[in-house]
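Visitor: The listed protein sequences correspond, in order, to chains A and B. If you want our numbering, it's the 1-based position in the first sequence plus 6. If you want our numbering, it's the 1-based position in the second sequence plus 16.
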Amino acid sequence: MSKEKFDYFINGEKGKYEVVIGLEVHAQVLSNSKLFSGSSTKFGADPNKQVSLIDSAFPGMLPVINEECVKQAVRTGLGLNAKINNYSVFDRKNYFYADLPQGYQISQYKNPIVGEGKVLLDMPYGSKEIGIERLHLEQDAGKSIHDMDPSSTYVDLNRSGIALMEIVSKPDLRSPDEVNAYIKKLRSIMRYLGTCDGNMQEGSLRADVNVSVRRVGDKKFGTRCEIKNVNSIKFMQMSIEYEANRQVELLEEGKQIDQETRLFDTKKNETRSMRSKEDAHDYRYFPDPDLLPLKLEQKLIDDLKKSLPELPDNKKERFIQEYGLNSYEANVLVSEKEISDYYEEVAKLSDKKLAATLMMGDLFAMLNNKGLNISNSPISAKNFAELVQSIKSGEISGRIAKEVFEIMVESGDNPKKIIESKGMKQQSDPKELEKMINEILSKNKDKVDQYKAGKEKLFGFFVGQVMKLSGGKANPQLTNEILKKLLKG
Amino acid sequence: MSNITNQSLSEILESIKSKKISSLELTQAYIKNIENAKKLNAFVTTTFDQALENAKKFDNKPNNELLLSGVPLAVKDLFCTENVKTTAGSNILNNFVPSYESTVTKNLWNNGAFLLGKLNCDEFAMGSSNETSFFGNVINPIEDHLVPGGSSGGSSSALAADLTPATIGTDTGGSIRQPASFTGTVGLKPTYGLCSRWGIVAFASSLDQAGPMTKTVNDCSIMLEAMTGFDEKDSTSINKKKEIYSKNLKDNIKGLKIGIPKEYRVDNMPKEIDELWEKGKKILKNLGAQLIDISLPHTKYALPTYYIVAPAEASSNLARYDGVRYGYRSQKGKDLIEMYENTRSEGFGDEVKRRILIGTYVLSSGYYDAYYLKAQKVRQLIKKDFDDSFTKVDAILTPSTPSSAFKIGEKTNDPVSMYLNDIFTVPVNLAGLPALSLPAGLDKKGYPLGLQLIGKALDEQKILNIGYAFEKNCGYKNEVKKWWS
Numbered sequence: 007m008s009k010e011k012f013d014y015f016i017n018g019e020k021g022k023y024e025v026v027i028g029l030e031v032h033a034q035v036l037s038n039s040k041l042f043s044g045s046s047t048k049f050g051a052d053p054n055k056q057v058s059l060i061d062s063a064f065p066g067m068l069p070v071i072n073e074e075c076v077k078q079a080v081r082t083g084l085g086l087n088a089k090i091n092n093y094s095v096f097d098r099k100n101y102f103y104a105d106l107p108q109g110y111q112i113s114q115y116k117n118p119i120v121g122e123g124k125v126l127l128d129m130p131y132g133s134k135e136i137g138i139e140r141l142h143l144e145q146d147a148g149k150s151i152h153d154m155d156p157s158s159t160y161v162d163l164n165r166s167g168i169a170l171m172e173i174v175s176k177p178d179l180r181s182p183d184e185v186n187a188y189i190k191k192l193r194s195i196m197r198y199l200g201t202c203d204g205n206m207q208e209g210s211l212r213a214d215v216n217v218s219v220r221r222v223g224d225k226k227f228g229t230r231c232e233i234k235n236v237n238s239i240k241f242m243q244m245s246i247e248y249e250a251n252r253q254v255e256l257l258e259e260g261k262q263i264d265q266e267t268r269l270f271d272t273k274k275n276e277t278r279s280m281r282s283k284e285d286a287h288d289y290r291y292f293p294d295p296d297l298l299p300l301k302l303e304q305k306l307i308d309d310l311k312k313s314l315p316e317l318p319d320n321k322k323e324r325f326i327q328e329y330g331l332n333s334y335e336a337n338v339l340v341s342e343k344e345i346s347d348y349y350e351e352v353a354k355l356s357d358k359k360l361a362a363t364l365m366m367g368d369l370f371a372m373l374n375n376k377g378l379n380i381s382n383s384p385i386s387a388k389n390f391a392e393l394v395q396s397i398k399s400g401e402i403s404g405r406i407a408k409e410v411f412e413i414m415v416e417s418g419d420n421p422k423k424i425i426e427s428k429g430m431k432q433q434s435d436p437k438e439l440e441k442m443i444n445e446i447l448s449k450n451k452d453k454v455d456q457y458k459a460g461k462e463k464l465f466g467f468f469v470g471q472v473m474k475l476s477g478g479k480a481n482p483q484l485t486n487e488i489l490k491k492l493l494k495g
Numbered sequence: 017m018s019n020i021t022n023q024s025l026s027e028i029l030e031s032i033k034s035k036k037i038s039s040l041e042l043t044q045a046y047i048k049n050i051e052n053a054k055k056l057n058a059f060v061t062t063t064f065d066q067a068l069e070n071a072k073k074f075d076n077k078p079n080n081e082l083l084l085s086g087v088p089l090a091v092k093d094l095f096c097t098e099n100v101k102t103t104a105g106s107n108i109l110n111n112f113v114p115s116y117e118s119t120v121t122k123n124l125w126n127n128g129a130f131l132l133g134k135l136n137c138d139e140f141a142m143g144s145s146n147e148t149s150f151f152g153n154v155i156n157p158i159e160d161h162l163v164p165g166g167s168s169g170g171s172s173s174a175l176a177a178d179l180t181p182a183t184i185g186t187d188t189g190g191s192i193r194q195p196a197s198f199t200g201t202v203g204l205k206p207t208y209g210l211c212s213r214w215g216i217v218a219f220a221s222s223l224d225q226a227g228p229m230t231k232t233v234n235d236c237s238i239m240l241e242a243m244t245g246f247d248e249k250d251s252t253s254i255n256k257k258k259e260i261y262s263k264n265l266k267d268n269i270k271g272l273k274i275g276i277p278k279e280y281r282v283d284n285m286p287k288e289i290d291e292l293w294e295k296g297k298k299i300l301k302n303l304g305a306q307l308i309d310i311s312l313p314h315t316k317y318a319l320p321t322y323y324i325v326a327p328a329e330a331s332s333n334l335a336r337y338d339g340v341r342y343g344y345r346s347q348k349g350k351d352l353i354e355m356y357e358n359t360r361s362e363g364f365g366d367e368v369k370r371r372i373l374i375g376t377y378v379l380s381s382g383y384y385d386a387y388y389l390k391a392q393k394v395r396q397l398i399k400k401d402f403d404d405s406f407t408k409v410d411a412i413l414t415p416s417t418p419s420s421a422f423k424i425g426e427k428t429n430d431p432v433s434m435y436l437n438d439i440f441t442v443p444v445n446l447a448g449l450p451a452l453s454l455p456a457g458l459d460k461k462g463y464p465l466g467l468q469l470i471g472k473a474l475d476e477q478k479i480l481n482i483g484y485a486f487e488k489n490c491g492y493k494n495e496v497k498k499w500w501s
């Protein structure tokens, strides 16, 4: 890996500024039912079709904790190398809004289920550790729809009560690129664990972004602004760029930064003040008396730990050891569980190194062009492995391989079948090749003489003729060898 | 059979079982009483047609195996009842018809009873006189100018006036025991978590507990048995084996140790309350119980603690009444905030607003530690006082209330003096313990007075037994002249 230097700074006239970023990521827990009710969590249902009496806060309704959501939070905490708290408390966060039926959100305030942890990022300038402050469970609110009617707001409560994990990072991030790597790593870990699908289009992963700036070398953090509810990595990066520059400009002008909550306007690419610190809500947190404190037995935590799948960091190390990959290759191939599974299946049946190269080259390019991902790749891992082996064994040439690959994409067929039915097998029989080459040499005596007289460029011409005669199937290496030998004679 | 309605629940059950009376005749008798007693304003909603249907159904196919076979019951209007309007005594729910049945009422119906109507109560159970109800105050059948106590005032009034054979209330700070005491009836607040809170309009979640109100201790044991049971829909419900309180009811209390807490002798307490307490001690002593002086040193902090914890929880619990999804919605207001403001201003009464304000205040940032957090700590100390005492005694005897029923309007402008009515009852809720209020005598005006037996957590059987023995030897019989009919 090339060791570049970290260089994300903002240059003002008065100095160089460093950007300090902390994220509060809201990740939707993968579970069949909501955090405190039995309603379904499936995405895309008609409005208000997945709403129980509890989700809509009817009188006398009571929350009952969904054990699976608790386990998912613990698994995620373990995946973040974090401390799991045996004792945690659900609190009420009180505020009024039309899509918040209870008039409070059940969340965890002072005693979260997961404490401090860490996430490792692979940056071009080396690996970087990002601290996790905490992870807590909370309910999602419903959705207010303001643009369906000129005079009314519509409310959809399907999302109301769905379990979210709020994952709070320490202010350890220093650039939009690190934010990109952090979100991807977090998503990768949760997808490995099966605790969050990480689908940002469906809102399964969103973040509040805290941004502040300080002069390089300063120990004290600057005043931060929180950009609320950003739902794509691109927007996170854009909003950070804008916000950091806005803050630097203010400081350069000798002005102060007000601690406030801001919104990112994706159309104008700017952040706008939403409310100042003085207007901040007083959420009047207090322990929810409808729920007992959550006490986790150590055995449950230990059992969950034992049943944890191999996570990207460990898998990367193993890929390096077991498959002889370099750090970059290993990193790419473990970035998503599905990719790593595909690779391992291919590597088991074929050359490990060549498999990695071809996957990261041709296969990824094809998927990218077609807008597909590995799980709906038209080429199965088994077929891909066969293709790798056909190349490795010299059965087909690299050039033919590209043709076979194209046909595999279109037909989904097995490469052996394609090679055979189309007669694409490489000609690797030296006797046959010698026969072919002799034929060409005897037909082109003048060129042979010129070659022997020193016009060595003509070597390529002979190769071309061999390929032409063989229909491209001549083994290039053997062809070269035999040609050289015969031309010498 | 004209006298059936002034009998106890257990006598009525016996009459139905032996076919001395049909469920229909019984139901008709209560309906007649209720129609004649409109002056008491005990009912918010009656479900006569439904009750008569159910009575007929029972008579056609009687099943006498159940605890409450064929008996019509009216319940406090805080219990959600399927397809029957449930108001919690509030304008904000005056059009609310639940699609579900509370666990406690469902348990009653599963035990063979059926609904006769919904009983008036203080708005969201906030009150000690049933004067805060949107549906008007309830009158104590003892005398026409007296309050029936609260918040289960409709329940106590209906029970004492023979408008229901037994009933249920809820008790957050004394709302079963105080009205029982004011009307000469029996009221039990069970251990927190014994009755499911699912489907009961919440006031203060960590204190609310449903319980029976009856004419006798035996009736109380039957009702308690019918109401209780683990409910996985309530996370605070206690998972334990169901007890058979009625079968296990015994009047032998020889050797039991009864604690007498010195802190319950408060300033300005009427002499007759003291005398009543003395009378109670004597009766228990004569039955072979041993009286032991105990101290519950943090008692004096119970009321202020209660009036922080309960409003805090209430302020949050009542946030859902916003006019958005159900209940009353003001038609005034140009945006969401104004809709909230107008809906809640018009929908809630003064006492509810007062408690929402107090609760919001004590939870506010900067005040939380000084009020709410401190109150929670004191609550632990109060609980500890009881825990310590119960290592020495089996039950604790105190007066139920510091006075008999007061006049309608007497305390409405003085919330603090109103709150003081709960001084003997709130410590029990803060500690989550069971307590039974027993009719024990009359004051010199002829108004009923009650004594309270506090038990260990889940020791309902013991206080019922003591109450049963007490009742047999007390020589008190509630006499209610039916001046209204």
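Don't be surprised by glycine CBs; every beta carbon is placed ideally from N, CA and C.
Given a threshold of 16 other Cβ atoms within 10 Å of its Cβ, counted over all protein chains shown, does Met2/A qualify as buried or as exposed?
Guide: In the structure as shown, chain A begins at 7 and stops at 495. Residue 2/A is therefore absent and cannot be evaluated.
Visitor: In this structure, does DSSP put Pro88/B in helix, strand or coil?
Guide: The count along the second sequence starts at 1 and reaches residue 88/B at position 72. Pro88/B falls in the strand class under three-state DSSP.
Visitor: Please report the distance separating the alpha-carbon of Asn251/A from that of Lys240/A.
Guide: Translated into positions along the first sequence, residue 251/A becomes position 245. Translated into positions along the first sequence, residue 240/A becomes position 234. Distance between the alpha carbons of Asn251/A and Lys240/A: 17 Å.
Visitor: Who are the neighbours of Ser62/A on chain B, taking C-beta pairs under 8 Å?
Guide: Taking the first sequence and counting its residues from 1, the one referred to as residue 62/A is at position 56. By Cβ distance, chain B contributes Arg341.
Visitor: Quick check: the stretch 166-175 of chain B against the stretch 43-59 of chain B, are there 3 or more CB pairs under 8 Å?
Guide: Yes, the stretch 166-175 of chain B touches the stretch 43-59 of chain B.
Visitor: Check whether the Cβ of Leu188/B lies closer than 8 Å to any Cβ atom in chain A.
Guide: Residue mapping note: residue 188/B aligns to position 172 of the second sequence, counting from 1. Strictly speaking, residue 188/B in this sequence is Thr, with Leu absent from that position. It does not: the Cβ of Thr188/B has no partner Cβ on chain A nearer than 8 Å.
Visitor: When the cut-off is 8 Å and only beta carbons count, does Leu379/B lie next to chain A?
Guide: Within the second sequence, the letter at position 363 stands for residue 379/B. It does; some Cβ of chain A falls within 8 Å.
Visitor: Quick check: the stretch 191-199 of chain B against the stretch 269-276 of chain A, are at least 3 beta-carbon pairs closer than 8 Å?
Guide: No, because fewer than three Cβ pairs between the stretch 269-276 of chain A and the stretch 191-199 of chain B fall closer than 8 Å, the two stretches do not touch.
Visitor: So, does the CB of Tyr115/A fall closer than 8 Å to a CB anywhere in chain B?
Guide: Reading the first sequence from its first residue, position 109 is the one you call residue 115/A. Answer no: the Cβ-Cβ gap between Tyr115/A and chain B never drops below 8 Å.
Visitor: What residues in its chain sit with their C-beta under 7 Å from that of Gln433/A, if we drop five residues either side in the sequence?
Guide: Translated into positions along the first sequence, residue 433/A becomes position 427. Leu439, Ser476, Lys479, Ala480, Asn481, listed in sequence order.
Visitor: CB-CB under 8 Å to Val113/B, same chain, minus the five flanking residues each way: which ones, in chain order?
Guide: The residue you call residue 113/B lines up with position 97 of the second sequence. Correct list, in chain order: Asn99, Val100, Lys101, Thr102.
Visitor: Closer than 8 Å, CB to CB, is Cys211/B near chain A or not?
Guide: Within the second sequence, residue 211/B is the residue found at index 195, counting from 1. No, Cys211/B lies away from the interface with chain A (no Cβ there is under 8 Å from its Cβ).
Visitor: Roughly how many whole angstroms lie between the Cα atoms of Leu131/B and Ala58/B?
Guide: Residue numbering aside, residue 131/B sits at position 115 when the second sequence is read from its first letter. Residue numbering aside, residue 58/B sits at position 42 when the second sequence is read from its first letter. Roughly 15 Å separates the two Cα atoms.
Visitor: Which value, in whole angstroms, describes the spacing of the CA atoms of Lys234/A and Gln34/A?
Guide: Within the first sequence, numbered from 1, the residue matching residue 234/A stands at position 228. Within the first sequence, numbered from 1, the residue matching residue 34/A stands at position 28. The straight-line gap from Cα to Cα measures roughly 17 Å.
Visitor: Which term fits Gly190/B, buried or exposed, when burial requires 16 or more other beta carbons within 10 angstroms of its beta carbon?
Guide: To locate residue 190/B, count along the second sequence from 1; it is residue 174. It is buried - the Cβ of Gly190/B has at least 16 other Cβ atoms within 10 Å.
Visitor: Can you pull the DSSP bridge partners for Arg140/A?
Guide: Your numbering for residue 140/A matches position 134 in the first sequence. Val174/A.
Visitor: Can you check whether the C-beta of Arg290/A is within less than 8 Å of a C-beta belonging to chain B?
Guide: Here residue 290/A corresponds to residue number 284 of the first sequence, with the count starting at 1. Arg290/A counts as touching chain B.
Visitor: Determine whether the beta carbon atoms of Asn404/B and Gly109/A lie at a separation below 8 Å.
Guide: As a working note, residue 404/B is residue 388 in the second sequence. As a working note, residue 109/A is residue 103 in the first sequence. Checking the displayed sequence, the identity of residue 404/B turns out to be Asp instead of Asn. Contact: no.
Visitor: Whose C-beta lies closer than 8 Å to the C-beta of Tyr463/B among residues of the same chain, with five residues either side of it excluded?
Guide: For the purposes of this step, residue 463/B is taken as residue 447 along the second sequence, with counting starting at 1. Only Ile158, Glu159, Leu162, Phe198, Ser420, Ala421 meet the Cβ criterion.
Visitor: List the residues of chain B that Pro295/A touches, going by C-beta distances under 7 Å, in chain order.
Guide: Sequence index remark: in the first sequence, residue 295/A carries index 289 (1-based). Per Cβ cutoff of 7 Å: Ser221, Ser222, Glu329.
Visitor: Chain B partners of Ala104/A, CB-CB under 7 Å?
Guide: Within the first sequence, numbered from 1, the residue matching residue 104/A stands at position 98. By Cβ distance, chain B contributes Val340, Leu352.
Visitor: Taking the DSSP output, what are the residues bridged to Thr277/A?
Guide: Here residue 277/A corresponds to residue number 271 of the first sequence, with the count starting at 1. Answer is Phe270/A.
Visitor: Report the option in Ile424/B, Val60/B, Asp385/B, Leu204/B whose CA atom is closest to the CA atom of Leu135/B.
Guide: Sequence index remark: in the second sequence, residue 135/B carries index 119 (1-based). Out of Ile424/B, Val60/B, Asp385/B, Leu204/B, Val60/B has the C-alpha closest to the C-alpha of Leu135/B.
Visitor: With a cut-off of 8 Å, does the C-beta of Ser214/B fall near any C-beta of chain A?
Guide: Numbered from its first residue, the second sequence carries residue 214/B at position 198. Note on identity: in this sequence residue 214/B is Trp, with Ser being the wrong assignment. Yes, Trp214/B counts as interfacial toward chain A.
Visitor: Measuring alpha carbon to alpha carbon, tell me which of Lys460/B, Leu449/B, Tyr484/B ends up nearest Asp475/B.
Guide: Locating residue 475/B in the second sequence gives position 459, where the first residue counts as 1. Of Lys460/B, Leu449/B, Tyr484/B, the residue nearest in Cα terms is Leu449/B.
Visitor: Excluding five sequence neighbours on each side, which residues of the same chain lie with their C-beta closer than 6 Å to the C-beta of Asn70/B?
Guide: Sequence index remark: in the second sequence, residue 70/B carries index 54 (1-based). Around Asn70/B: Phe130.
Visitor: Count the other CB atoms within 10 Å of the CB of Ile16/A; is the residue buried (16 or more) or exposed (fewer)?
Guide: Here the question's residue 16/A lines up with position 10 in the first sequence. Buried is the call here.
Visitor: Is it the case that the stretch 121-137 of chain A contacts the stretch 156-170 of chain A, given that we only count it when at least three CB pairs across the two stretches are under 8 Å?
Guide: Counting Cβ pairs under 8 Å, fewer than three are found: no touch.
Visitor: Who are the near neighbours of Leu312/B in its chain, counting only those whose CB is closer than 6 Å to its CB and skipping five residues on each side?
Guide: Counting from one through the second sequence, the residue named residue 312/B turns up at place 296. Closer than 6 Å at Cβ, skipping near neighbours: Pro277, Glu279, Asp401.
Visitor: Taking Cβ-Cβ distances shorter than 7 Å, what residues in chain B pair up with Tyr110/A?
Guide: Position 104 of the first sequence, counted from the first residue, corresponds to residue 110/A. The contacting residues are Ser332, Ala335.
Visitor: So, is the C-beta of Met7/A closer than 8 Å to a C-beta in chain B?
Guide: For this step, residue 7/A is matched to residue 1 along the first sequence. At Met7/A the pLDDT is 44, less than 50, meaning the model places this residue with poor confidence; the figure from the coordinates comes in the next sentence. With 8 Å as the cut-off, Met7/A does not count as an interface residue toward chain B.
Visitor: Which residues in the same chain have their Cβ closer than 7 Å to the Cβ of Asn117/A, if we skip the five residues on either side of it in sequence?
Guide: Looking up residue 117/A in the first sequence gives position 111. If we look at Asn117/A and ignore the five residues flanking it on each side, its Cβ neighbours are Asn91, Tyr93, Ser94, Val95.
Visitor: So Tyr492/B and Gly457/B are supposed to be a Cβ contact under 8 Å. How far apart are they, rounded?
Guide: Here residue 492/B corresponds to residue number 476 of the second sequence, with the count starting at 1. Here residue 457/B corresponds to residue number 441 of the second sequence, with the count starting at 1. 6 Å between Cβ atoms; contact.
Visitor: For Leu378/A, count neighbouring C-beta atoms within 10 Å of its own C-beta (all shown protein chains included) and say buried if the count is 16 or more, exposed if not.
Guide: For the purposes of this step, residue 378/A is identified with residue 372 of the first sequence, where counting begins at 1. It is exposed - the Cβ of Leu378/A has fewer than 16 other Cβ atoms within 10 Å.
Visitor: List in chain order: all unbroken alpha helix (DSSP H) runs of 4+ residues lying wholly within the stretch 333-403 of chain A.
Guide: Qualifying alpha helix (DSSP H) stretches, in chain order: 333-340, 343-355, 358-364, 370-376, 387-398.
Visitor: Rounded to the nearest angstrom, what separates Ile216/B and Glu147/B at their Cα positions?
Guide: Sequence index remark: in the second sequence, residue 216/B carries index 200 (1-based). Sequence index remark: in the second sequence, residue 147/B carries index 131 (1-based). Their Cα atoms are separated by approximately 21 Å.
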